[in-house]
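Input: a single structure, listed below in structure tokens.
See below:
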């Protein structure tokens, strides 16, 4: 791969070594045993717990918190992992403030929920630190399943299928497994190589073979997989990126936020990751916030996140928006990019303000920029795919596609929200339906 060439304003090593370590340390330091016990003691252990309903993976939250409170965190971890095999990562990146913790009775009564996410991390970390795997495989079924994509949906499906006795082969386009967890999430949310450690731990179930640098439509086709395997699960996520659509958006210094985040996550030395002096991020989702915050943490002087609608319409949660602001990121709303200005490389970017209905106001904003990141949504890539619903693969409630023997889940499918925890749930549920189909209905 050719080495990237950057403009003079985009440079590495803006900070000293201590600053990098401090800036990219764990966003939420883990609870110790005493802190976990105190936090668990706040739970009412509701019989009809609203937090369970709010969890896309239906974890029995009161049960696992009670298990922590009684000094059995490994039992708590098994309660979590039986529903969400990637509970460790979800504890770090799931927007709990919008899901289980928002629904918590303590939040309703006091404005301070039980620390469900941090308690989940405490339990799963405790178990995984021992290097053991709490599940064993069922007797071999003699059936084989191909899984495309080693991200949250694919790995969740693969683990459940392997546990049920099937032989699973996972094909992934990248050189390392993990998908979004490895390449697409801010480094300060998953420090110390946790994403790969979780994958290594997950694979201890056995019966799963990984094949890297194998992209659907490039090295392997869906027809080939259908011929070679008894069932296929598609969980490859969204590999393409929407274009900016502004005049001059092909200038040097304009790039995709997902590539910036991936490069940062794979960097052995953060001091070698280049960043501009004046950075503009365009978008309103989690990717936009992660790119903006990390640009600031790398030493960019000015970072502005620009979104075309109001803050209440941003896909990034209020917590993430506040985090960005706390790190010095300026958030501008109701502005649409019109023109990238510069002689070969970006020097400024011009926006036009719009109303809530996206009609122009006639007012403009010009921002100095030597680096612009696009974070305006990703698109599905692939040839010979099943029928689409809009821009994603059409699936039913069990994850079945329009092609017999082919299931799909996660960001590439037309299911729920584009969240890690939702992808895990969809992979798990599709795996159960695949198992039923392969064994004559004995799910």
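Numbering (the numbering used here), first residue to last: 235 to 677.
Glycine included, C-beta positions come from ideal geometry on N, C-alpha and C.
Handout entry: residue 607, enclosing alpha helix (DSSP H) - first and last residue
Key = First-last for residue 607: 605 to 608, but that is the beta strand (DSSP E), not the alpha helix (DSSP H).
Problem - Per-residue burial, residue 621 [other beta carbons within 10 Å of its own, 16 or more giving buried] - result: exposed
Handout entry: Candidates 444, 390, 656, 512: closest to residue 600 by CA position
Key = 512
Problem - For residue 649 and residue 451, believed in contact at Cβ under 8 angstroms, the rounded distance - result: In fact, because the Cβ distance is near 22 angstroms, the residues do not count as touching under 8 angstroms.
Problem - Rounded straight-line distance, which links the Cα of residue 346 to that of residue 335 - result: 9 angstroms
Problem - Three-state secondary structure assigned by DSSP to residue 319 - result: When secondary structure is reduced to three states using DSSP, residue 319 falls in the coil class, being assigned neither helix nor strand.
Exercise for the section: Would you kindly report the start and end of the unbroken alpha helix (DSSP H) that includes residue 574? Expected result: From DSSP, residue 574 is part of no alpha helix (DSSP H) but of the beta strand (DSSP E) over 569 to 575.
Handout entry: Span of the alpha helix (DSSP H), counted from its first residue to its last, around residue 521
Key = 520 to 531
Handout entry: Where residue 348 falls: helix, strand or coil (DSSP)
Key = coil
Exercise for the section: State buried or exposed for residue 440, treating a residue as buried only when at least 16 other CB atoms are found within 10 Å of its CB. Expected result: exposed
Problem - Beta carbon proximity, residue 550 to chain D, threshold 8 angstroms - result: This model lacks chain D altogether; it includes just one protein chain.
Practice task
Just confirm the distance between the C-beta atoms of residue 607 and residue 525, as a whole number of angstroms; I'd bet it's less than 8 angstroms.
Solution key: 5 angstroms
Problem - Within the stretch 238 to 274, ranges of the alpha helix (DSSP H) (whole runs, at least 4 residues) - result: The qualifying runs are 251 to 257, 267 to 274.
Exercise for the section: Identify, in the order they occur along the chain, each residue of the same chain with its Cβ nearer than 7 angstroms to the Cβ of residue 373, setting aside the five sequence neighbours on each side. Expected result: 399
Exercise for the section: List the whole-angstrom C-beta distance separating residue 311 from residue 361, where the pair is believed to meet the contact cut-off of C-beta under 8 angstroms. Expected result: Cβ atoms of residue 311 and residue 361 come within 8 angstroms of each other, at about 4 angstroms.
Practice task
May I have the straight-line CA-CA distance separating residue 522 from residue 418, to the nearest angstrom?
Solution key: Straight-line Cα distance between these residues: approximately 11 angstroms.
Handout entry: Neighbourhood of residue 632 by C-beta, 6 angstroms cutoff - its chain only, sequence neighbours within 5 removed
Key = If we look at residue 632 and ignore the five residues flanking it on each side, its Cβ neighbours are 667.
Practice task
Determine the extent of the beta strand (DSSP E) in which residue 600 is found, giving its start and end residues.
Solution key: 594 to 602
Problem - Straight-line gap, residue 662 to residue 504 (C-alpha atoms, nearest Å) - result: Rounded to whole angstroms, residue 662 to residue 504 spans 35 angstroms at the Cα level.
Problem - Range of the contiguous beta strand (DSSP E) that encloses residue 490 - result: 488 to 490
Exercise for the section: Could you have a look at residue 512 and say whether DSSP puts it in helix, strand or coil? Expected result: strand
Problem - C-alpha gap between residue 491 and residue 458, whole angstroms - result: Taking the straight line from one Cα to the other gives about 33 angstroms.
Exercise for the section: Look up residue 313 in the DSSP assignment and give the residues it is bridged to. Expected result: For residue 313, which the question treats as bridged, DSSP gives no partner whatsoever.
Handout entry: Cβ-Cβ distance between residue 249 and residue 519 below 8 angstroms
Key = no
Exercise for the section: Can you grab the Cα-Cα spacing for the pair residue 188 / residue 591, in whole Å? Expected result: Lying before the first or after the last residue shown, residue 188 is absent from the chain, which here runs from 235 to 677.
Problem - Sheet register partners of residue 691 (DSSP bridge) - result: Residue numbering for the chain in the displayed model covers 235 to 677; residue 691 lies beyond these limits and cannot be assessed.
Practice task
Verify whether the separation of the beta carbon atoms of residue 704 and residue 508 is less than 8 angstroms.
Solution key: With the chain running from 235 to 677 in the structure shown, residue 704 is simply not present.
Practice task
Please go through the same chain and pick out, in chain order, the residues whose beta-carbon is closer than 6 angstroms to the beta-carbon of residue 567, but skip the five residues on each side of it.
Solution key: 541, 544, 545
Exercise for the section: Identify which residue in 559, 552, 634, 548 has its Cα closest to the Cα of residue 537. Expected result: 559
Problem - Cβ-based neighbour list, residue 761, same chain, cut-off 7 angstroms, excluding 5 preceding and 5 following - result: Residue 761 lies beyond the stretch modelled for the chain, which goes from 235 to 677, so this question has no answer here.
Handout entry: Reduced DSSP secondary structure (H/G/I, E/B, other) of residue 727
Key = This structure cannot settle anything about residue 727, because the visible part of the chain is limited to 235 through 677.
Practice task
Please check the pair residue 625 and residue 635, which I expect to be a contact at CB under 8 angstroms, by giving their CB distance rounded to whole angstroms.
Solution key: So it is not a contact: roughly 15 angstroms between Cβ atoms.
Exercise for the section: Please report how far the alpha carbon of residue 529 lies from the alpha carbon of residue 564, in whole angstroms. Expected result: The alpha-carbon atoms of residue 529 and residue 564 are separated by roughly 12 angstroms.
Problem - Stretch pair the stretch 253 to 261 + the stretch 280 to 289: three plus CB contacts closer than 8 angstroms - result: no
Practice task
Name the residue from 605, 379, 325 whose alpha carbon lies nearest to the alpha carbon of residue 578.
Solution key: 605
Exercise for the section: Take every Cβ of the stretch 462 to 481, pair it with every Cβ of the stretch 383 to 398, and state whether three or more of those distances are shorter than 8 angstroms. Expected result: yes
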